[in-house]
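In our numbering, the protein residues as written are 1353 to 1523.
Think of the CB as a built atom: it goes at the ideal place given N, C-alpha and C, for glycine as much as any other residue.
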Amino acid sequence: MELTKKEGEILDFIKKYKCCKKEHIQAFIDVAQLDKRLIRLVWRNEIIIEDEIIKLKENNVDLEGMREQLNMIKVLDVVTLLKNEGRIKEIEIMDLPYYIMARSAKKDVYMYFTFVNKGLEMIKLKLIDNENKGNTMLILENSTQIEYLKILTTKVKKVIIYEDFLKTNQI
């Protein structure tokens, strides 16, 4: 059973971001009958779907890798909302400390998204400070992490509290 072009696009998206949800695929790939296409990919042993999270079948990860996958899901949640609101056009994978680069829909400007885990603020924020490209969108787990922002010597474009984002579905 050959992969269709759209199934190939879906699989490439999953390979690129390591994991995602259906709504992430729907936002960035123009695809009809997504459920049917995902089922075909499961049957082909290409992907697995656990608790709404889609990932590659062969993707064996350690604890650190699992945390990075969850961080990617959270960043994808944010950029998916921005895409659905027409605020960004496209996304690309980035090297850490960033996860995703997104192109603005209004201007030819790029935004750089990263996620900061609780307990790793000092390390992650120092990396962000060293690699700040401008237009950095900082996603924090919760509002208790805001106190750590004072260690930044460079400006970030926006701080998003993921806990609040989940409640309001707004940025």
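- For LEU1492, the enclosing beta strand (DSSP E) starts and ends at 1488-1492.
- Between the alpha carbons of ASN1521 and ILE1406 lies a distance of about 21 Å.
- Put simply, of ILE1445, THR1496 and LEU1363 the residue whose alpha carbon is nearest the alpha carbon of ASN1469 is THR1496.
- DSSP links LYS1510 through a beta bridge to MET1489.
- Each residue's CA atom was taken as its position, placing VAL1508 and ASP1403 some 33 Å apart.
- Minimum Cα-Cα distance from LYS1370 among the listed residues GLU1354, VAL1394 and GLN1421 corresponds to GLN1421.
- Nearest neighbour of ILE1512 by Cα position, chosen from ASN1484, ARG1419 and MET1489, turns out to be MET1489.
- Just measuring C-alpha positions, the residue of MET1418, THR1356 and GLY1417 sitting nearest ILE1391 is THR1356.
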